[in-house]
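Residue numbers (our numbering): 694 to 1084.
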Amino acid sequence: MSIRASILGAMVAVLIAPSLLSAQDKGLASTPPMGWNSWNKFGCNVGEDMIRQMADGMVKSGMREVGYQYIVIDDCWQVERDQSGNIVADAKRFPAGIKALADYVHSRGLKFGIYSDAGYKTCAKRPGSLGHEYQDALQYAAWGVDYLKYDWCNTTTQDAQAAYALIRNALNASGRSIVLSICEWGTAKPWLWGEKVGGNLWRTTGDISDMWQGKDKHHLGVVDILDLQDGLQSYAGPGHWNDPDMLEVGNGGMTTDEYRAHFSLWSILAAPLLAGNDLRDMKPEIHDILTNKEVIAVNQDALGRQGRRVRKDGDLEVWAKQMQDGSRSVVLLNRDVSEKEIAVSWEDIGYPSHLSASVRDLWHAKDLGQHQEKFSASVAPHSVVMVKIAP
Ligand code: GLA
C-alpha cells in the first residue's frame, strides 16, 4: 500500500469510527432485559405458528404490561446458506419467513430476537456466523431483529473477546439498535470484558436445567448456578448484565416454592428475566410468579445493582440488593429440606442497628411493620421470604 493510500485509509477509519460507535444505542438494556426464549421448553422444535402464539400469550397473560418485551427464537431456525452465503431459515417451519414473523411480533408491541453462534456451526449443528458476521448482521437488521443471542459452540481456536467484539461491530454497522447477548458460558470470564466489547448481557455459567440442584456435564440446577454468581456483582450495571441463564419457571421439574425462589433470586441478582415456559398454557400459580410487579420492580430498579450474598449459615442464606431509593431488597433463602428461621440483621445490609425501618413482604404484598436491628421469618424448605426494608 502506498503512503498516500494508508493515510487515506486512516482518515476514513477516523471518520467512520465515531459513527459506528454512536450506532450502539447507549440506552440499550438500561435495566435487565425481560422477555421469552424458546430453548428451555421447545429446544429445536421451533416454528412460526408457535412463536406467534408466544407473542400472543405474552400480551394476553399481561406479561407485556409488567415489562416483558423480547420474543427470542433460539437455535434451529436456520438450515443452510445460499450460494451468496446468506443465511436461510427453515422454510418448512417458517414458511412466511423471518421478516414476517418479526413484523408480527412488533405488531403486538413486542421486540424480536434471534440466535446465532460465533463458530462455524451452532450448538445444534446449524450454520454459524463465522466469516459471515457483517452479512448476518445486515440480514438481521433488514428483518427487524432487536436482540441477538450469540453462542460459542464450534469455535475451535477463536478468541472469545475478539469474536464478540467483531459481531458487536457488525451489529453497529447495520445501523439498527440490537441487544447483544453473549452466550459463552463463563469460560473466558466474559464479565471482565463483556462491557468493553459492547455486550449487554453475558452468560456466567453452563446451561440451566429444570431442577433445584445438581450438576450433569454442562447442566446445572438453580442453586448451583446461584453459587457461581456471588462475587460477580461488581461487573453488572445499566446496559451490561451478568446472565445466570434463562428461567425454568413453569417447566414442571420443580415445586411452586422452588420456582418462586428461582424467580426471587434471579430478580435480586438483576439477572435478565427471560421466561422459558409455554406462555399459551400457564397454571395460575406460575402466572402469578412471572407477573409479580413488586418482585419485578426489584429486578428492574434503575440503580442497576446486582444483589449479593450477605450471609451464609450452611443452608440458610441472605441475599441483599441496594435499591435506588436507598432501601434494600432482601431474599431469605432456605436451601434445607425442613422449615427454618432466617434472620437478616441491619448490619448485614449496611444500616445502623438502631434504625427503625419498615418491612414489606413482596410475595404477599403485605406490610410487616417497623423493625429495628433485624428481621426474621420462618422459611419453608427450598423456599424464600422476600422483603423490602426501607428506613
Ligand atoms: C447452548 C446454549 C443454550 C442454547 C443451546 C442451543 O447450549 O448455552 O442456551 O442456546 O446452545 O443449541
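C-beta atoms are modelled at their ideal positions from N, C-alpha and C, and glycine is treated no differently.
All of these numbers come straight from a predicted model, not from anything done at the bench.
Cut-off 8 Å between Cβ atoms - residues of its own chain near residue i, not counting five sequence neighbours on either side
i    : result
R774 : I780, V781, P820 and H825
Q851 : A811, G812 and L823
D923 : R1001 and R1002
Extent of the continuous beta strand (DSSP E) to which residue i belongs
i     : result
E1010 : L1009 to Q1015
V1052 : S1049 to D1054
A1070 : K1067 to V1072
M939  : Where M939 is concerned, there is no enclosing beta strand (DSSP E), given that its DSSP letter is neither H nor E.
E1034 : K1033 to S1038
L921  : No beta strand (DSSP E) holds L921; DSSP gives it neither H nor E.
L966  : L966 to A968
Close-in-space but distant-in-sequence residues of the same chain around residue i (CB under 7 Å, 5 per side omitted)
i     : result
W1067 : Trp is not the amino acid found at residue 1067; the sequence shown has Lys there. These residues qualify, in order along the chain: A1036, V1037, S1038 and W1039.
A784  : none
H980  : S754
V1024 : S957, L958, I961, W1012, V1077 and M1079
K1081 : S1020, S1022, R1053 and L1055
Y827  : A863 and A866
A795  : F805, W836, G837 and V838
Assigned secondary structure, residue i (DSSP; H/G/I helix, E/B strand, else coil)
i     : result
V838  : coil
D1018 : coil
M727  : strand
H1064 : strand
A811  : coil
S715  : Confidence at S715 is low in this model, with a pLDDT of 41, below 50, so the placement of that residue is unreliable and no value is reported for it.
V1024 : strand
H933  : strand
P1084 : coil
S822  : coil
D917  : helix
Residue range of the alpha helix (DSSP H) that includes residue i
i     : result
N733  : W732 to F735
H955  : T949 to I961
V798  : I791 to S800
K986  : K986 to N992
I1042 : Looking at the DSSP string, I1042 is not in any alpha helix (DSSP H), and its letter there is neither H nor E.
D981  : P977 to L983
Own chain partners of residue i with C-beta closer than 6 Å, once the 5 adjacent residues on each side are dropped
i     : result
P931  : S723 and G997
T949  : E978
I1042 : A1013 and R1021
Check: Three or more beta-carbon pairs under 8 Å between the stretch 1064-1081 and the stretch 1025-1041, yes or no?
Finding: yes
Any chance you could list the alpha helix (DSSP H) runs of at least 4 consecutive residues sitting entirely within the stretch 845-915, in chain order?
-> 853-866
Please specify which runs of the alpha helix (DSSP H), each continuous and at least 4 residues long, are wholly inside the stretch 727-787, giving them in chain order. 732-735 and 741-753
* To do: Take every Cβ of the stretch 922-939, pair it with every Cβ of the stretch 888-898, and state whether three or more of those distances are shorter than 8 Å.
  => yes
Under 8 Å, with one C-beta from each stretch per pair, do the stretch 871-881 and the stretch 982-992 reach the 3-pair mark? Contact fails: fewer than three Cβ-Cβ distances are below 8 Å.
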